[in-house]
Every structure is written in C-alpha cells, then in structure tokens.
Amino acid sequence: MSGLKAIIFDVDGTLADTERDGHRPAFNAAFDAAQLAWHWDIARYGELLTVTGGKERIRYFMDSDGIAFDPAVDTEALIAGLHRAKTQHYVKLLQTGAIPLRSGVARLLREARAAGIRLAIATTTTPENVVELLDNCGISGLRDWFEVIAAGDVVPAKKPAPDIFTLALNALGLRAEDCVAVEDSDNGARAALAAGLKAVVVTVNDYTAAQSFGEVPLVVDQLGEPGQAVRVLRGALGAASWVDLAVLEQVQRQAYLVE
Ligand code: XBP
Ligand code: MG
732 MSGLKAIIFD VDGTLADTER DGHRPAFNAA FDAAQLAWHW DIARYGELLT
782 VTGGKERIRY FMDSDGIAFD PAVDTEALIA GLHRAKTQHY VKLLQTGAIP
832 LRSGVARLLR EARAAGIRLA IATTTTPENV VELLDNCGIS GLRDWFEVIA
882 AGDVVPAKKP APDIFTLALN ALGLRAEDCV AVEDSDNGAR AALAAGLKAV
932 VVTVNDYTAA QSFGEVPLVV DQLGEPGQAV RVLRGALGAA SWVDLAVLEQ
982 VQRQAYLVE
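Residue numbering for the sequence shown follows the working numbering, starting at 732 and increasing by one per position.
Shown next as structure tokens:
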C-alpha cells in the first residue's frame with residue numbers, strides 16, 4: 732500500500748517556468764511605470780533570484796546597488812507600491828495564458844488525484860499569482876485540485892526557511908514523512924529539507940541548473956511524459972521513464988531509510 736499521502740508543489744519554476752519571462756518583465760514594467768531607471772536583465776535577475784520574494788528582492792537590489800532615496804521617502808511604502816504594480820503586470824500576463832504548465836505537471840497531478848493522493852502548494856510568491864496561473868493554464872478547475880495553497884507573506888520567513896512547508900503540512904494535518912515536495916531551486920529544496928520533507932528537484936533553466944539542492948535524492952530536468960525523455964541529473968528513476976507516483980514513493984521511502 733502506498734505510504735505517500737500528499738505531494739507539496741512549489742509554483743515558480745516547478746509548475747511553470749515563470750521567472751525569466753514572467754516575473755522579471757513584470758518587475759521591469761513596474762519600474763518603468765514609476766519612472767525609475769532600473770532594469771533587471773536576464774543575467775542580473777539570476778543573481779537577484781538568490782533572494783526569494785518580490786519585495787525582498789527589490790530591497791536586496793537597492794541595498795546591493797547602494798540606491799537610497801531622500802530620507803523623507805518612505806522606502807518600505809515605495810517597495811510595497813512597486814510590488815503591487817508588479818503583481819498587476821504579472822497577473823495581466825498570466826491572464827493571456829502566456830505561461831503554460833511544465834512538461835509532466837498535468838500528468839502527475841492527474842495521476843495523484845486518481846490515486847487519492849492529496850495535493851498542496853508551498854510557495855514564496857503572492858497568492859493571487861498562484862490562482863491566476865492555475866486558472867489560466869488550460870485545465871478547468873485546477874485551483875480546486877489543491878487542498879492547501881500556502882503562499883506569500885503568511886509566514887515570518889520565506890524560503891530557504893522551512894516555514895511555508897511547515898504551514899502546508901499543518902494545514903494538511905500530515906507529517907513530513909507522509910509527503911514529498913517537488914521543487915526547482917536551491918532555496919526551495921533547502922526549505923523542504925529543513926521542514927523534514929524528502930524532495931524531488933525539477934530544474935528549469937540556467938537560473939537553477941547549476942545549483943546544489945542540498946541532499947535531495949533525485950534531480951531531473953522535467954517531470955516528463957510519453958514522448959519526452961527525462962534527463963536524470965542525480966539519482967535514478969528505476970524502471971520508470973518519467974517521474975510518476977512510484978518514483979515519488981521511492982523518494983519518500985528513502986526518507987525512512989535515512990532516519
Ligand atoms: C519564487 C519567488 C518569488 C517570485 C516573485 O520562489 O522567489 O519571489 O519570483 O513572487 P519559490 P512575488 O519558487 O522558491 O517559491 O513577487 O509575488 O513575491
Ligand atoms: Mg521555485
């Protein structure tokens with residue numbers, strides 16, 4: 732009998748490739764609209780992605796570039812305003828359906844539902860970004876497939892802190908060893924591991940491919956599906972050709988072996 736009770740998914744980079752051509756241009760559009768001469772090119776955005784959370788990323792950018800406003804300017808309010816504008820731009824982009832789910836995501840979600848395995852989300856991004864992505868990727872009612880959507884500022888510390896995964900586990904009422912996390916980044920993998928979860932990492936692009944991902948047992952380039960070969964970067968798929976429930980259960984069982 733399967734010991735796997737739930738799968739907890741990250742969103743950005745995992746469910747969809749959102750960063751380079753989604754969040755990044757939305758930040759830049761917000762900067763333009765505020766008449767700030769800031770522009771995050773692809774390479775710079777890669778560096779900035781080491782900080783999770785949009786507001787935190789803007790603050791880190793200002794600090795690292797020594798950008799300071801007149802003391803009369805409320806910097807926190809300025810950042811919050813920029814971030815609200817960024818979210819509006821990003822949501823508009825999502826509403827065009829421009830950002831699809833990654834390979835194998837819909838397949839794995841369907842398999843999990845058919846097997847009675849519960850689904851949850853643990854993400855750093857703003858909650859409305861999650862539901863807009865889910866509502867605009869071509870699967871009707873997808874947001875309702877997720878019993879728990881833990882997102883954004885609801886925890887004191889964002890990834891790599893474990894808080895958002897711990898929140899999702901508490902909301903599910905499950906122990907970490909009953910679940911597996913699916914992540915795409917070093918920060919995300921470290922957050923999942925710190926919450927006691929075993930994780931699969933699905934690298935997405937140059938932003939994450941060279942990261943180390945802590946001690947996760949399986950790193951692949953996509954979840955995969957028929958006709959799309961999965962490249963295994965760490966670990967093994969066993970008899971499977973793509974990341975299916977049997978593979979996730981194997982990842983989960985290694986948790987028991989390690990403990
Ligand atoms: C995602 C993020 C987010 C998005 C921006 O990290 O770092 O900050 O880039 O989202 P993860 P907001 O995939 O590890 O959860 O601007 O809405 O914060
Ligand atoms: Mg991610």
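Ideal Cβ positions, reconstructed from N, Cα and C, are used throughout, including at glycine.
By the 16-neighbour rule on beta-carbons within 10 angstroms, GLN766 is exposed. DSSP places PHE758 within a helical segment (H, G or I) once states are collapsed to three. Rounded to whole angstroms, the Cβ separation of LEU813 and ALA761 is 5 Å, and the two are in contact under 8 Å. Going by C-alpha positions, THR856 is about 33 Å away from GLY969. Take the alpha-carbon of ALA799 and the one of ALA764: they are about 19 Å apart. The straight-line gap separating the alpha-carbon atoms of TYR938 and ALA747 is approximately 14 Å. For GLU842, the closest C-alpha among the options VAL974, VAL982 and GLN981 is that of VAL974. VAL978 and ILE789 have their C-alpha atoms some 38 Å from each other.
Within 7 Å of the C-beta of GLU750 there is at least one heavy atom belonging to ligand 1. For GLU956, the three-state secondary structure derived from DSSP is strand. Leaving aside the five residues that flank GLN983 on each side, the residues in its chain whose CB is nearer than 7 Å to its CB run, in chain order, GLY734, LEU735, VAL911 and LYS929.
Taking the Cα positions, ARG906 is about 14 Å away from LEU850. Per DSSP, the beta bridge partners of ASP743 are ALA747.
The C-beta distance from ASP915 to VAL935 rounds to 5 Å, short enough to fall under 8 Å. Counting the other Cβ atoms within 10 Å of the Cβ of ARG962 gives fewer than 16, which makes it exposed. In the DSSP assignment, GLU914 falls within the unbroken beta strand (DSSP E) covering 910-914.
As summarised for the stretch 836-887, the continuous beta strand (DSSP E) elements at least 3 residues long and confined to that stretch are 849-854 and 879-882, given in chain order. DSSP places LYS889 in no alpha helix (DSSP H); its state is neither H nor E. In terms of side-chain proximity, the C-beta atom of ARG775 is found no nearer than 7 Å to any non-hydrogen atom of ligand 1.
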